[in-house]
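As structure tokens, the structure follows; a few thoughts come after it.
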Amino acid sequence: METELAEAKKKYDFLRFTFIDIHGIGRSKTVSKSSFDKFFKNGAQFGVGCLGLGFNGEQEVCNKVNSQLKATNFQFWSNVTAFPVSGTLHPLSAEKDKTFHVGEILCETFHSATGMRQEENPRYIATKQIARLQTLGYEVHSAFELEFMLVTPKTLQPIFYKAGEMFSSLVQSRFDYILLDIMSQLEAIGIDVETVQSEFSDGQFEIALKPQLGISIADNLFVARNCIKDIAMKHNLKAIFMTERGAVHISNGLHYNHSLRKIKGGDDLFAFCDKADSLGLSDVCHRWLGGLIRHFRAMNSICSPTFNCYRRLDKLWAPCYSGWGIDNRMESYRVKNFSPEETFIETRLPSGSSNPYLVLAVTIAAGIDGLENQLPCPPPSPLPLTVSSSDIYTKMESSKVPLTLGEALTALEEDTYIVKTLGKDFVKWFILLKEAEINLLAGCDVMKNEPEMLARERDLYMDLL
């Protein structure tokens, strides 16, 4: 960490020490330059429970987590130490005219009393799955497609109204002042962006991040979200990432594109490609898909982690069943096979509110199960998947997407492999948090677009996610 410390002293007046909680929210302390040496060496202190507070800080949730995890010597109000992770130092903003220069370094958390890792930490859970994959001889190469809506802060009115202006050059020209600002600032702080476009819904845009190896893409996604929010505020706008802010045409998603690369592949790097196969897909790819399909319903609880997320599912261009298809965006798993390098799986499960580290973790965990146990992969869908074609998929024994958060949590509890792999204590904590959300939104129904219900959901999620 000596290199990062020297760089921090040279570039920044203040530095945020940040870890990412179960919701995907950053929790941080801002450290003055005079204390950089101390905090790089000793870390920053936080309460254990900061890893997973209820959205309203509900005391009931804190008490339940504390009592139910005591069997593992868990103490909700004891301390953890957040130690910085090498390679994650970055500026919070690329603007050069600010009074203060502020940086951020991402951290992982350890129990202060024992020095042991806080194993429920989402970033650590993701790195464990990446390490498991590496023992099998593969690295994950992946990217996120980040959807968000730009609205006016007071009225929440979208900055353009006409649905269907997807890829519109005129829309992009009208809003280049903020879109190009976002792209240039992300690039300036070290986050590679491939494209930006207008999307299908009112005020909706998508930014595609450049693929990265390993955990870096989740780090980039976390930093990008916060940067986009800051830039939107500078332009007197609000960037919304929660899945559905209102009765919109298409909700915010967070598609996760991924492939495997052989660690010792030489000229044969791309593990999902097999030119001899009729679809150009390798046995590794088929088995990986088998794992994703086997654990589809449990994955939804992680990839659509809020009550509000279930307004998105079982609708146009969102997951309905656990099928897959070649370049078929009606499927939950859209496989693209354009070339060896461009053979990858677009996982369409994640919603805009999902935690990128947990998406990475559960996807790799499911895929590894497919590899290790040679899980069968059903044939690709014969038709574009729509709600009306459900009879076809029933005959194919394809699993229906959970329609509520409660249903998804049940699927998670029943999937013993995913529970064991992510960690029993993590899953217990996650479920307690989600049950609290369901209770807070009692009376709301994701099948109904009533304004009062949506307002309650916005109050709970919009400013934090």
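In terms of UniProt numbering, the sequence shown opens at residue 1 and continues consecutively.
Backbone N, C-alpha and C fix where the C-beta goes; we use that ideal spot for every residue, glycine too.
- Query: Three-state secondary structure (DSSP) at F40?
  - Reply: It is helical.
- Query: Since L371 contacts V284 with CB under 8 Å, what's their CB separation in whole angstroms?
  - Reply: The C-beta distance from L371 to V284 rounds to 7 Å, short enough to meet the 8 Å contact threshold.
- Query: Within the chosen definition, does the segment 288-296 reach the segment 351-366 through at least 3 CB pairs nearer than 8 Å?
  - Reply: A contact is defined here as three or more CB-CB pairs under 8 Å, and the segment 288-296 meets this definition with respect to the segment 351-366.
- Distance CB(L53)-CB(D219) smaller than 9 Å: Contact: no.
- Task: Could you tell me whether the segment 245-254 touches the segment 209-217, where touching means 3 or more Cβ pairs closer than 8 Å?
- Result: The segment 245-254 makes no contact with the segment 209-217, as fewer than three CB pairs between them are under 8 Å.
- Query: Going by alpha carbons, who is nearest to E452 out of C62, Q185 and G246?
  - Reply: The shortest Cα separation from E452 among C62, Q185 and G246 belongs to G246.
- Three-state secondary structure (DSSP) of Y321: The three-state secondary structure of Y321, taken from DSSP, is strand.
- Secondary structure at A224, three-state DSSP: helix, strand or coil? For A224, the secondary structure class from DSSP, reduced to helix, strand or coil, is helix.
- Which residue spans inside the segment 171-208 form an unbroken beta strand (DSSP E) run of at least 3? Within the segment 171-208, the beta strand (DSSP E) runs of at least 3 residues that lie entirely inside it are, in chain order, 193-198.
- Query: Pick from S259, I189, H141 and A143: whose alpha carbon is nearest that of K11?
  - Reply: Among S259, I189, H141 and A143, the Cα nearest to that of K11 is on I189.
- Closest by C-alpha distance to S339, when choosing among I125, F100 and G280: Comparing Cα positions, the closest option is G280.
- Task: May I ask you to list the residues that DSSP assigns as paired with P91?
- Result: P91 is bridged to G103.
- Query: In three-state terms, what does DSSP make of C309?
  - Reply: Helix.
- Message: Taking contact to mean 3 or more Cβ pairs, one atom from each stretch, closer than 8 Å, check whether the segment 99-117 and the segment 139-150 are in contact.
- Response: Because the criterion of three Cβ pairs below 8 Å is not met, the segment 99-117 and the segment 139-150 do not touch.
- Message: Assuming contact is defined by CB atoms lying nearer than 9 Å, are R311 and T243 in contact in what I supplied?
- Response: Yes, they are a contact pair.
- Query: Going straight from the alpha carbon of S381 to that of D274, what length do you get?
  - Reply: One alpha carbon belongs to S381, the other to D274, and they sit about 20 Å apart.
- Query: Can you give the Cα-Cα distance for Y138 and Q157, rounded to whole angstroms?
  - Reply: Computed Cα separation, rounded: 45 Å.
- Task: Decide if W77 is buried, meaning its Cβ has at least 16 other Cβ atoms within 10 Å, or exposed.
- Result: Exposed.
- Query: Is it true that the segment 117-130 meets the segment 223-240, where meeting means three or more beta-carbon pairs spaced less than 8 Å apart?
  - Reply: In this structure the segment 117-130 does not lie against the segment 223-240, because fewer than three pairs of beta carbons, one per stretch, are closer than 8 Å.
- Item | In DSSP terms, what V31 is bridged to | DSSP lists L15 as partners of V31.
- What does a CB cutoff of less than 8 Å around residue 528 pick up in its chain, not counting 5 residues either side in sequence? Nothing in the structure corresponds to residue 528, since the chain is present only between 1 and 465.
- Query: Around the Cβ of D321, are there at least 16 other Cβ atoms within 10 angstroms (buried) or fewer (exposed)?
  - Reply: The amino acid at residue 321 is misidentified as Asp; the sequence shows Tyr. Burial call: buried.
- Go ahead and pull the three-state DSSP assignment for S399. Residue state, collapsed to three classes: coil.
- Query: From this set, L89, A232 and G325, which residue's C-alpha is nearest A8's C-alpha?
  - Reply: Among L89, A232 and G325, the Cα nearest to that of A8 is on L89.
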